[in-house]
Amino acid sequence: MDLTSIENLFLAKGFSQFGSCRLQKSDWSEAYDSWLHSNYQGDMNYMKSHRNAKLNPQSHWPDLKTVLVGSYVYVDHPESFDEFPLQESQIARYARGRDYHHWLKEKLNSIVVELQKAFPEEHFLCVTDSTPLMEREVAYRSGIGWLGKNTCIIHPKQGSLFLLGEILTSLEVPKTQSEPHPDHCGTCTRCLDVCPTNAFVEPRVLDASKCISYLTIESPGEFPEELRTGVGKWLFGCDLCQTVCPWNKKIYDLDEKQEMNLDVSKQEVEELRWILESSNRELQKSLRGTPLMRAAGNKLRRNALVVIGNAKVKSLRELVVSYLNHHKLGDTAQWALKQLEGE
Ligand code: B12
Ligand code: SF4
Ligand code: SF4
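Structure, rendered in structure tokens:
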């Protein structure tokens, strides 16, 4: 099986791009260390504990030599389903359906089944997101795209609204024909300018602790007060710095104004009510198998309170009041109430 046949396995599973590169020491280690040194990881402690494996992967997997990289577009969610409980809430596109940690991994696993048949002696390891690997760097090196000023990998014809998945292998394959893409950001600064919480320190450097995606998905506690207004109506994740990107707008019909608008539909109000009235068990039962499972409990209630405050959903005032003495969310409820009362 040659490289083109391997590429065809990826394309047949719905990946839009394929590339490969050697598994080698990171070229981005200086930037990574300086990022950690500035504590831009917030409470994501695994960014520190994963450091050595990420920067020197062969110390972690001595027998693995090659990375096979695929990108998977999610603008129309590849695994959406009708029973998804939050139909109108503002949720990052990648999260509006089944969790890619499951469906993308399944696709990679099914490719490995074929590869293993062709190369029974070799080892394969499927990776997406949670394994310590500099995924954007390997995608860049294998020609999937350039590193945008918003830190996302962008392909000139595919934009950046795709996920990355890799197969690490002991197999040695020649490097993909394509060289890394040149930087096509030019003088544009739209992503840096739009970010509602000013999370970019400079182009290609994100203070993750200020990013709405971090706040609404990863952060365990209440948001710093000065960032709450910026969260707007984002209930889980954020797409704004990609929605405004001309390389995505060129391909998809995207509207950042809609993502910044604070109007709420009746259905959205009912969804916010559902979040605040449901038990942990009910939330987990309904959100199981979706990325929102990560927040199904006080994180999602915290996010809902912030959305209610920002969108001034007065019809949910009594529910907000019922959280004023909550052991973890009291401060956020107090803040939301103030927004509702127009203070
Ligand atoms: C931690 C993490 C986050 C954090 C931090 C994001 C970040 N930008 O670092 C948070 C929670 C905020 C986050 C948010 C999102 N994430 Co995320 N995340 C990750 C994760 C697990 C690790 C990334 C990481 O190591 N960050 C640390 C920083 C320091 O590394 P970096 O982004 O690679 O940045 C380096 C370069 O900027 C480099 N650099 C290189 N050249 C140069 C040149 C100059 C001049 C400078 C200054 C720097 C520089 O310096 C940095 C240090 O290495 C990866 C999966 C993985 N294992 O890689 C997914 C991943 C990066 N996320 C992904 C996605 C989809 C998202 C979201 C779009 C989800 C959403 N809609 O809410 C947002 C996008 C926000 C954004 N603008 O980045 C995708 C990216 C796909 C793509 N097309 O690029 C990944 C690859 C997951 C996947 N398998 O698909 N994420
Ligand atoms: S995802 Fe949202 S909050 Fe995070 S950097 Fe992009 S625009 Fe800013
Ligand atoms: S919005 Fe502009 S600067 Fe930002 S990633 Fe896209 S092209 Fe680059």
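Just so you know, the numbering used here puts 312 at position 328 of the sequence shown, and the rest follows in order with no gaps.
We put the CB at the ideal spot given by N, CA and C, even for glycine.
Note that the structure is a prediction, hence the values are computed from the model and not measured.
Where residue i falls, given that 16 or more other Cβ within 10 Å makes a residue buried
i, result
"Lys38", "buried"
"Phe184", "buried"
"Leu20", "exposed"
"Asp60", "exposed"
"Val97", "exposed"
"Arg265", "exposed"
"Ala295", "buried"
"Thr181", "buried"
"Ser249", "exposed"
"Lys234", "exposed"
Residue i and residue j closer than 7 angstroms at C-beta
i, j, result
"Phe220", "Ala79", "yes"
"Ala317", "Leu300", "no"
"Leu147", "Tyr58", "yes"
"Ile328", "Trp231", "Given a span of -15 to 327 for the chain in the structure shown, any question on residue 328 remains unanswerable."
"Arg285", "Leu260", "yes"
"Ile128", "Gly326", "no"
"His34", "Pro116", "yes"
"Leu74", "Trp218", "The amino acid at residue 74 is misidentified as Leu; the sequence shows Gln. Yes, these two residues count as a Cβ contact at 7 angstroms."
"His107", "Ser144", "no"
"Ser55", "Ser114", "no"
"Val51", "Glu119", "no"
"Leu238", "Thr227", "yes"
"Ser22", "Glu121", "no"
"Tyr124", "Pro164", "yes"
"Lys91", "Lys(-3)", "yes"
"Ala76", "Met(-15)", "no"
Member of the options whose CA lies at the smallest distance from the CA of residue i
i, options, result
"Glu14", "Asn36, Gly273 and Lys101", "Asn36"
"Cys110", "Lys312, Arg125 and Leu88", "Leu88"
"Asp177", "Met277, Gly205, Glu240 and Asn264", "Glu240"
"Arg174", "Met277, Met28, Asp223 and Pro62", "Asp223"
"Phe68", "Lys269, Gln100 and Lys234", "Lys269"
"Gln328", "His165, Glu119, Asp27 and Ile(-10)", "Past the boundaries of the shown model lies residue 328; the chain is included only from -15 to 327, so the question cannot be answered."
"Arg257", "Arg278, Ile292 and Lys283", "Ile292"
"Glu63", "Gly214, Gly81 and Leu(-13)", "Gly81"
"Asp66", "Ala102, Ser306, Leu271 and Leu308", "Leu271"
"Lys322", "Met244, Thr213 and Asn282", "Thr213"
"Thr112", "Ser126, Glu105, Asn93 and Phe103", "Asn93"
"Asn287", "Val215, Ser306 and Asp247", "Val215"
Whole-Å CB distance - residue i paired with residue j, under 8 angstroms assumed
i, j, result
"Gly273", "Asp83", "6 angstroms"
"Met28", "Glu202", "6 angstroms"
"Gln25", "Ala279", "Actually they are not in contact, since the Cβ atoms of Gln25 and Ala279 sit about 18 angstroms apart, beyond 8 angstroms."
"Val253", "Val297", "6 angstroms"
"Leu(-13)", "Pro158", "6 angstroms"
Any chain B beta carbon closer than 7 angstroms to residue i
i, result
"Ser43", "Here there is only one protein chain, and chain B is not present."
Is the number of C-beta pairs between the stretch 186 to 193 and the stretch 127 to 138 that are closer than 8 angstroms three or more? Touching, yes.
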